[in-house]
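Undergrad: Next up is a structure, given as structure tokens.
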Amino acid sequence: MNTHTPSSRIGGLHKLAVSERIARLAQFAQLGADDQTLLAQTGNLPAETADHMIENFVGTMNIPMGVATNLRIDGRDRLVPMATEESSVVAAVCNAARQSYEAGGFVTSMSGTRMIAQIQLTGVSDPQHARLRILERLEDIRSMCDACDPVLVKLGGGFRDLEVCVLDTRGGAMVITHLIVDTRDAMGANAVNTMAEKLAPHIAQWTSGTTNLRILSNLADRRLARARCVWPLEAIGGAEVRDAMLSAYHFADADPYRAATHHKGIMNGVSAVVLATGNDTRAVEAGAHAFAARGGRYASLTTWEATDRGDLAGTIELPMAVGLVGGATKVHPMARLALKILNVGSAEELARIVAAVGLAQNFSALKALATTGIQKGHMALHAQNIAMMAGAVGEEIDRLAQVLVARGMVRMDVAEVELGLMRDQR
Ligand code: NAD
249 MNTHTPSSRI GGLHKLAVSE RIARLAQFAQ LGADDQTLLA QTGNLPAETA DHMIENFVGT
309 MNIPMGVATN LRIDGRDRLV PMATEESSVV AAVCNAARQS YEAGGFVTSM SGTRMIAQIQ
369 LTGVSDPQHA RLRILERLED IRSMCDACDP VLVKLGGGFR DLEVCVLDTR GGAMVITHLI
429 VDTRDAMGAN AVNTMAEKLA PHIAQWTSGT TNLRILSNLA DRRLARARCV WPLEAIGGAE
489 VRDAMLSAYH FADADPYRAA THHKGIMNGV SAVVLATGND TRAVEAGAHA FAARGGRYAS
549 LTTWEATDRG DLAGTIELPM AVGLVGGATK VHPMARLALK ILNVGSAEEL ARIVAAVGLA
609 QNFSALKALA TTGIQKGHMA LHAQNIAMMA GAVGEEIDRL AQVLVARGMV RMDVAEVELG
669 LMRDQR
């Protein structure tokens with residue numbers, strides 16, 4: 249056994265050509281020729297593009313992309329691309345959308361496309377005075393921010409508002425400035441961060457304090473996407489199912505242990521569309537969870553009620569900082585293709601579709617959990633993963649998956665035995 253551990257201190261790895269980088273990695277991790285060939289296969293993201301996207305690029309990680317069917321959003325039919333490695337996610341959206349299609353589908357709206365950048369000011373003995381000094385500079389701040397991004401201003405975006413608060417912290421009083429900026433069809437992180445960095449020295453000068461952090465807030469609560477939908481009682485299987493779903497929602501809204509999983513389901517749908525379109529999944533996820541806790545308690549992002557007819561009415565509202573430009577949206581060929589399939593004209597339109605998908609996903613999860621349990625629907629697809637993990641290839645995958653489901657034992661050990669039997673019978 250080789251006990252020598254190679255060093256991870258590799259200076260200038262990023263300066264090497266991709267092939268040289270892979271060779272260095274292979275040396276470190278003792279990768280064979282097959283491994284290196286796999287790393288070099290970058291699929292639909294050309295290596296030279298990827299090499300400009302991140303540091304120390306060595307390969308791509310392909311994730312399946314599916315399309316959700318049956319979605320009718322604001323009176324228009326959509327096929328929605330979803331990138332996810334989890335088996336039941338696309339099917340869940342298709343099912344929820346099918347059960348609402350005849351009744352008209354989803355209605356969506358948005359609160360705007362404004363992002364917030366924060367500037368932290370410390371070391372002022374008179375924070376309340378400092379606050380007003382900053383607020384008095386509104387027009388200077390507006391022109392400085394807008395000068396940072398003339399393209400954005402030309403497109404109708406730019407600085408919109410100023411908020412300054414005094415924050416009581418463990419480290420004493422801080423004066424926090426919020427720049428509120430309309431970033432239009434961009435997610436806007438770079439746009440607002442540039443403005444915050446430009447402005448910070450001026451804030452320090454006006455107040456004689458010290459500025460520290462200058463960064464956007466992912467709690468994008470000026471950029472809320474909303475969706476609502478009514479599922480007719482007969483489409484979902486009657487009052488008993490509806491009431492069980494309502495009870496499941498009441499549980500999630502009252503209990504953070506349940507709410508976390510409730511939101512995992514919602515983000516299954518949301519993150520899959522966000523990823524497929526080259527947007528920042530972490531930004532949207534961070535925003536969603538922070539928004540869920542805005543009342544001081546982590547509660548449900550969705551609401552569920554019975555209408556006067558007895559149908560099931562769902563809503564969702566969550567921050568949705570997604571763009572059609574910036575980040576990987578224009579750079580990754582598959583993100584461009586996903587946006588082409590969606591055929592959206594604005595970031596707002598995209599955000600509203602994502603919200604509808606989140607609501608659809610929540611419907612399916614609640615329904616499955618409140619009726620047959622999540623495993624029944626999950627298992628048929630999960631069985632295919634288990635079959636592949638056990639070594640099944642080609643048509644063996646479906647056959648073995650069916651055997652596992654039929655036996656009610658979707659397990660690796662069973663899959664290995666059954667695969668052996670299948671091969672022996674040939
Ligand atoms: P960007 O800077 O690449 O592009 C936005 C710019 O494009 C705008 O500032 C504007 O000048 C121009 N533009 C052209 N057409 C436009 C249009 N129709 N609407 C609006 N602007 C238009 O990207 P960005 O959106 O500012 O930043 C997004 C990236 O920042 C993502 O990759 C994200 O991962 C990353 N990021 C995120 C965080 C965070 O979430 N905390 C922090 C830093 C960076």
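For the sequence shown, counting from 1, position 19 maps to 267 in my numbering; every step adds exactly one.
We put the CB at the ideal spot given by N, CA and C, even for glycine.
These numbers were taken from a predicted model, which means no experiment stands behind them.
1. Should residue 471 be counted as a contact of the ligand NAD given a C-beta to heavy atom distance under 7 Å?
2. Mind checking residue 505: buried by the 16 CB within 10 Å criterion, or exposed?
3. Enumerated in chain order, which unbroken segments of the beta strand (DSSP E) with a length of 3 residues or greater are wholly contained in the segment 617 to 641?
4. Work out the CA separation of residue 499 and residue 381 for me, nearest whole Å.
5. Grouping DSSP H, G and I as helix and E and B as strand, with all else coil, what is residue 523?
6. Between the segment 391 to 399 and the segment 445 to 464, do three or more beta carbon pairs fall short of 8 Å?
7. Between residue 470 and residue 542, how many whole angstroms is the CB-CB distance? I'm expecting something under 8 Å.
8. Enumerate in chain order the residues of its own chain whose CB-to-CB distance from residue 654 is below 8 Å, with the five nearest sequence positions on each side excluded.
9. Would you kindly check if the distance between the Cβ of residue 341 and the Cβ of residue 329 is under 8 Å?
10. From residue 648 to residue 345, what does the alpha carbon distance come to, in whole angstroms?
11. Tell me whether residue 395, by its Cβ, gets closer than 7 Å to a heavy atom of the ligand NAD.
12. Between residue 672 and the ligand NAD, is there a pair consisting of the residue's CB and a ligand heavy atom that are separated by less than 7 Å?
13. Less than 8 Å between the CB atoms is what I'm expecting for residue 297 and residue 579, so what's the real figure, rounded?
14. Thinking residue 289 and residue 274 are a contact (beta carbons under 8 Å), I'd like their distance in whole angstroms, please.
15. How is residue 577 classed by DSSP in three states: helix, strand or coil?
16. When you compare only the Cα positions, how much space is there between residue 403 and residue 434?
17. Report the residue ranges of all beta strand (DSSP E) runs contained in full by the segment 366 to 440; include only those spanning at least 3 residues, in chain order.
18. Let me check one thing: in DSSP terms, what residues is residue 553 bridge-paired to?
19. Can you check which of these residues, 383, 440, 416, is closest to residue 401 by C-alpha distance?
20. With H, G and I counted as helix, E and B as strand and the rest as coil, what does DSSP make of residue 249?
21. I'd like the list of long-range same chain contacts for residue 490, defined as Cβ closer than 7 Å, with 5 residues on each side in sequence excluded.
22. May I ask you to report which of helix, strand or coil DSSP gives residue 354?
23. Examine the ligand NAD and report whether any of its heavy atoms sits within less than 7 Å of the Cβ of residue 301.
24. Out of 618, 512, 338, 421, point me to the one whose CA is closest to residue 521's CA.
25. With a cut-off of 8 Å on the beta carbons, I'd call residue 442 and residue 452 a contact; round off their distance for me.
26. When burial is assigned at 16 or more other CB atoms within 10 Å of the CB, is residue 249 buried or exposed?
27. For residue 539 and residue 607, which I take to be in contact (beta-carbon distance under 8 Å), what is that distance rounded to the nearest angstrom?
28. May I ask whether a heavy atom of the ligand NAD can be found less than 7 Å away from the beta carbon of residue 399?
29. Any contact between the segment 605 to 619 and the segment 372 to 391? By contact I mean 3 or more CB pairs, one from each, below 8 Å.
30. Could I get the ranges of all uninterrupted beta strand (DSSP E) runs contained in the segment 440 to 515, with 3 residues as the minimum, in chain order?
31. Quick one, are the C-beta atoms of residue 318 and residue 349 less than 8 Å apart?
32. If we call anything under 8 Å between Cβ atoms a contact, is residue 375 one with residue 331?
33. Let me make sure I understand the geometry here. Which of 474, 463, 609, 511 has the alpha-carbon closest to that of residue 366?
34. If we count the other Cβ atoms within 10 Å of its Cβ and call it buried at 16 or more, is residue 430 buried or exposed?
35. What does DSSP give as the partner residue(s) for residue 325 in the beta ladder?
36. By DSSP, does residue 315 sit in helix, in strand, or in coil?
TA: Let's see:
1. Reading the sequence shown from its first residue, position 223 is the one you call residue 471. Outside the cutoff, so no.
2. The residue labelled residue 505 in the question sits at position 257 within the sequence shown. Classification for residue 505: exposed.
3. Here no run is fully enclosed.
4. As a working note, residue 381 is residue 133 in the sequence shown. As a working note, residue 499 is residue 251 in the sequence shown. Their Cα atoms are separated by approximately 47 Å.
5. Locating residue 523 in the sequence shown gives position 275, where the first residue counts as 1. Three-state result, residue 523: helix.
6. yes
7. Indexing the sequence shown from 1 puts residue 470 at position 222. Indexing the sequence shown from 1 puts residue 542 at position 294. No, residue 470 and residue 542 are not in contact; Cβ-Cβ is about 13 Å, not under 8 Å.
8. Here the question's residue 654 lines up with position 406 in the sequence shown. Its chain contains no residue whose beta carbon lies nearer than 8 Å to that of residue 654 once the 5 sequence neighbours on both sides are disregarded.
9. Residue mapping note: residue 329 aligns to position 81 of the sequence shown, counting from 1. Residue mapping note: residue 341 aligns to position 93 of the sequence shown, counting from 1. No, these two residues do not count as a Cβ contact at 8 Å.
10. As a working mapping, residue 648 is identified with position 400 in the sequence shown. As a working mapping, residue 345 is identified with position 97 in the sequence shown. Put simply, the backbone Cα of residue 648 is about 30 Å away from that of residue 345.
11. Residue 395 sits at position 147 when you count from the first residue of the sequence shown. Result no, Cβ not under 7 Å from the ligand NAD.
12. On the sequence shown, residue 672 is found 424 positions in, with the first residue counted as 1. No.
13. Here residue 297 refers to the residue found at position 49 when the sequence shown is read from its first residue. Here residue 579 refers to the residue found at position 331 when the sequence shown is read from its first residue. Residue 297 to residue 579, Cβ: 6 Å. Contact.
14. Mapped onto the sequence shown, residue 289 falls at position 41. Mapped onto the sequence shown, residue 274 falls at position 26. 15 Å between Cβ atoms; not a contact.
15. Position 329 of the sequence shown, counted from the start, is the residue given in the question as residue 577. Looking at residue 577 - three-state DSSP - the assignment turns out to be coil, as it is neither helix nor strand.
16. Translated into positions along the sequence shown, residue 403 becomes position 155. Translated into positions along the sequence shown, residue 434 becomes position 186. The alpha-carbon atoms of residue 403 and residue 434 are separated by roughly 11 Å.
17. 406 to 417, 420 to 430
18. For the purposes of this step, residue 553 is taken as residue 305 along the sequence shown, with counting starting at 1. Paired residue(s): 561.
19. Stepping through the sequence shown from its first residue, residue 401 is reached at position 153. When only C-alpha atoms are compared, the closest one is 440.
20. Here the question's residue 249 lines up with position 1 in the sequence shown. A caution first: residue 249 carries a pLDDT of 48, below 50, which makes its placement in the model too unreliable to give a value.
21. Translated into the one-based positions of the sequence shown, residue 490 becomes position 242. Cβ neighbours of residue 490 beyond the five flanking positions: 481, 484, 554, 560.
22. In the sequence shown, the residue the question calls residue 354 occupies position 106. The answer is strand: DSSP assigns residue 354 an E or B state.
23. As a position in the sequence shown, residue 301 is number 53, starting the count at 1. No; taking the cut-off as 7 Å, the Cβ of residue 301 has no heavy atom of the ligand NAD nearer than that.
24. For the purposes of this step, residue 521 is taken as residue 273 along the sequence shown, with counting starting at 1. The shortest C-alpha separation from residue 521 is found at 338.
25. To locate residue 442, count along the sequence shown from 1; it is residue 194. To locate residue 452, count along the sequence shown from 1; it is residue 204. In fact, because the Cβ distance is near 17 Å, the residues do not count as touching under 8 Å.
26. Translated into positions along the sequence shown, residue 249 becomes position 1. A caution first: residue 249 carries a pLDDT of 48, below 50, which makes its placement in the model unreliable, though a value can still be read off. Classification for residue 249: exposed.
27. Indexing the sequence shown from 1 puts residue 539 at position 291. Indexing the sequence shown from 1 puts residue 607 at position 359. Going by Cβ atoms, the distance from residue 539 to residue 607 rounds to 15 Å, so no, they are not a contact pair.
28. As a working note, residue 399 is residue 151 in the sequence shown. Within the cutoff, so yes.
29. No contact exists between the segment 605 to 619 and the segment 372 to 391.
30. 458 to 465, 472 to 479
31. Taking the first residue of the sequence shown as 1, we reach residue 318 at position 70. Taking the first residue of the sequence shown as 1, we reach residue 349 at position 101. Contact flag set, yes.
32. Mapped onto the sequence shown, residue 375 falls at position 127. Mapped onto the sequence shown, residue 331 falls at position 83. Not in contact: residue 375 and residue 331 (Cβ atoms no closer than 8 Å).
33. Here residue 366 refers to the residue found at position 118 when the sequence shown is read from its first residue. Residue 366 has its Cα closest to that of 463, out of 474, 463, 609, 511.
34. To locate residue 430, count along the sequence shown from 1; it is residue 182. Label assigned to residue 430: buried.
35. Taking the sequence shown and counting its residues from 1, the one referred to as residue 325 is at position 77. The partner list for residue 325 (beta bridge, DSSP) reads 320.
36. Taking the sequence shown and counting its residues from 1, one reaches residue 315 at position 67. Of the three classes helix, strand and coil, the one that applies to residue 315 here is strand, per DSSP.
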